[in-house]
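In terms of the working numbering, the sequence shown opens at residue 5 and continues consecutively. Backbone N, C-alpha and C define an ideal beta-carbon position, used for all residues, glycine too. Here the structure comes first, spelled out in structure tokens, and everything after it is commentary.
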Amino acid sequence: MAEKRYPQCARCPTRACENRGCKLSEGPPSLKKLPGFCPMKLMPEVFAQAAAEYDKPAVREFARLASVQEFQCFERLPDGLRAKLSRVEELIQFARKCNHKKLGIAHCGGFIGEAAILTNILENNGFRVVSVQCKAGAVPKEAIGIQAEEKIAGSENWETMCNPVAQAMIINQAKVDLAIMLGLCIGHDTLFIKYCDVPLTVLAVKDRLLGHNPLVALYLSESYYGRLKNKID
Ligand code: SF4
């Protein structure tokens, strides 16, 4: 039996959904241009369901503001479009657009300096800023079954576990308008997202080797990070 197809936009040869260079009056792209694994072909009902969500005024307005923000990240110069805003600037502009007053930073202990800088920047722009770091709660790693030999600080030493569930609960209770993730580890970020009940955005993810820019490994995967083509242990 043939394997069921599943969406694979990452391998699309046409990107027909972008309809680049076409006039609005020409309408959407022809279905003939879509590859067989295109979600528009495989799951057309989902796009109808999503459209119904955008009919809800709050969702529609949020989506509209996000697209306005996207637009404002560019300037049109004689030689073409140029990006002009850093993500920190975007964060401030978008939070203002959404009329957010109180922001909550969930940061890694290793990012306390960055969290302090970000707090100052956000406060200077008129926001109230709550912050909570991952080690809050001072719970030893033994509480989640970590073995002595699995502790970074060494088997004899206390090591506080990252506590993304508590971080999320504190951010929720503080009733912030927007949570900002700053440098949480893989997996800890997943738990934070699962337990966070307020709107959430990401300023940075952790990459201990690459200056918190994991895409560097992809950009160098044809050269210095060629090892990524091998199976990773
Ligand atoms: S939605 Fe369809 S056309 Fe667009 S990138 Fe994905 S596979 Fe390609």
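Around the C-beta of residue i, are 16 or more other C-beta atoms found within 10 angstroms, so that it is buried, or is it exposed?
{"i": "Cys-26", "result": "exposed"}
{"i": "Pro-82", "result": "exposed"}
{"i": "Gly-234", "result": "Here residue 234 is Asn; the residue named in the question, Gly, does not match the sequence. Burial call: exposed."}
{"i": "Phe-75", "result": "exposed"}
{"i": "Pro-218", "result": "exposed"}
{"i": "Pro-168", "result": "buried"}
{"i": "Val-310", "result": "Any property of residue 310 remains undetermined from this structure, which presents the chain solely from 5 to 237."}
{"i": "Ile-121", "result": "exposed"}
{"i": "Ala-147", "result": "exposed"}
{"i": "Cys-13", "result": "exposed"}
{"i": "Ala-67", "result": "exposed"}
Apart from the five residues just before and just after residue i, which ones in its own chain have a Cβ nearer than 6 Å to its Cβ?
{"i": "Asn-23", "result": "Pro-33"}
{"i": "Glu-79", "result": "Arg-86, Lys-88"}
{"i": "Arg-64", "result": "Tyr-58"}
{"i": "Leu-204", "result": "Ala-183"}
{"i": "Cys-189", "result": "Lys-210"}
{"i": "Val-206", "result": "Met-185"}
Among all the DSSP beta bridges, which residues are the ones paired with residue i?
{"i": "Leu-186", "result": "His-111, Ala-208"}
{"i": "Arg-80", "result": "Leu-85"}
{"i": "Gln-137", "result": "His-111"}
{"i": "Lys-106", "result": "Arg-132"}
{"i": "Pro-144", "result": "Thr-164"}
Is residue i close to ligand 1? I mean its beta-carbon at under 7 Å from any heavy atom of the ligand.
{"i": "Met-44", "result": "yes"}
{"i": "Arg-19", "result": "yes"}
{"i": "Pro-39", "result": "yes"}
{"i": "Cys-16", "result": "yes"}
{"i": "Cys-26", "result": "no"}
{"i": "Cys-138", "result": "no"}
{"i": "Cys-166", "result": "no"}
{"i": "Cys-77", "result": "no"}
{"i": "Cys-112", "result": "no"}
{"i": "Cys-13", "result": "yes"}
If you drop the 5 nearest sequence neighbours on each side, which residues of the same chain put their C-beta closer than 7 Å to that of residue i?
{"i": "Phe-51", "result": "Met-44"}
{"i": "Val-180", "result": "Lys-106, Leu-107, Gly-108, Val-134, Val-202"}
{"i": "Pro-39", "result": "Cys-16, Pro-17, Thr-18"}
{"i": "Ala-221", "result": "Leu-214, Tyr-229, Leu-232"}
{"i": "Cys-77", "result": "Ala-87, Lys-88, Leu-89, Glu-94"}
{"i": "Gly-141", "result": "Asn-167, Ala-170"}
Spatial neighbours of residue i within its chain, please: CB distance less than 8 Å, with the 5 preceding and 5 following residues excluded, ordered by chain position.
{"i": "Leu-35", "result": "Met-44, Lys-45"}
{"i": "Ile-156", "result": "Glu-163"}
{"i": "Arg-9", "result": "Gly-40, Phe-41, Leu-46"}
{"i": "Met-173", "result": "Tyr-199"}
{"i": "Ile-175", "result": "Gly-108, Ala-110, Val-134, Val-136, Ala-183, Cys-200, Val-202"}
{"i": "Glu-153", "result": "Ser-159"}
Could you tell me which whole alpha helix (DSSP H) segments of length 4 or greater appear in the stretch 29-77? Those alpha helix (DSSP H) runs which fall completely within the stretch 29-77 and span 4+ residues are 43-46, 48-58, 61-76.
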